[in-house]
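Read the sequence shown against numbering that gives the first Met the number 0 and you will find it ends at 205, with the numbers running on by one and no gaps. Here a beta-carbon is modelled for each residue, glycine too, at the ideal position from N, C-alpha and C. Predicted, not measured: the structure shown is a model, and the values here were computed from it.
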Amino acid sequence: MTTERPGGIAASIGPRLRRLRTSSGRSLASVAEAVGISSSALSQIETGVMQPSVNRLIEIVAVLGAPVSAIFDDHDVLQPTALAAGTSEPIPGVHVSVPDEASAPTLRQGVVYRRLTPVALDGIDLFETTYPPGTSSSIDGAMLVHAGYEMGSVVVGTLLFEFTEGAVELGVGGSLAFWATRPHRVVNPSQATTAVAIWLTLRNGL
């Protein structure tokens, strides 16, 4: 973790995690234990002193029974059908959002998450992840496990998808799908080129 204080949406990740936790009735200690970190470390994440890695962020929201998209919006994160921040309705029933790179959450190592839907859809997450050269979802090699079924497609650069059984490297246009309960990790193996992927996560109904 880093002690740098992020700005914009990134600065609100901690408070939103705290709001999720308190709304769920979970104590700081119980969530920290479930995730495998100290209560002090979780407290520093919630207060914005430390930024979580991609893996850690998803682990925390999974323990709280919420989607990753819950930390993106200014509305009540427990309302799955609410509009995302910055969304307009130019035509009744047509919701539009304009990309705002400054508001996209930037996590540890500079990995950026940007939700691609103007409304929060119950059970579905559609988002874009940007991995700067040499970055990964966890620098310590830890693999991520969470609920749902994931489908991803690389749109810029190359990404290495690591599993306990092996690894798959995909370039532009390559895609993959797997149950997110399978331990996995995402790595940008290039030291010169940024990689971007689009992800669709189905959390229930399968």
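- Counting only residues of its own chain and dropping the five nearest sequence neighbours on each side, residue 38 has a CB closer than 7 angstroms to the CB of 27, 28, 31.
- For the pair of segments examined, the segment 134-154 was found to touch the segment 51-59: the number of CB pairs separated by less than 8 angstroms reaches three.
- As DSSP reads the structure, residue 113 sits in a beta bridge with 127.
- Residue 67 is positioned such that its CB atom lies no closer than 8 angstroms to that of residue 121.
- Distance between residue 173 and residue 60, taken at the CA atoms: about 28 angstroms.
- Apart from sequence neighbours up to five positions away, the residues of its chain that approach residue 199 with a beta-carbon distance below 8 angstroms are 123, 124, 125, 149, 150, 151, ordered along the chain.
- DSSP, reduced to helix, strand and coil, places residue 164 outside both helices and strands of the structure shown, so it counts as coil.
- For residue 201, the uninterrupted beta strand (DSSP E) segment begins and ends at 194-201.
- In this structure, DSSP gives residue 137 a state outside helix and strand, which the three-state scheme calls coil.
- If you draw a 10 Å sphere on the C-beta of residue 58, you find 16 or more other C-beta atoms in it, and that means buried.
- Excluding its 5 nearest sequence neighbours in each direction, residue 166 has C-beta neighbours in its own chain below 6 angstroms: 159, listed in chain order.
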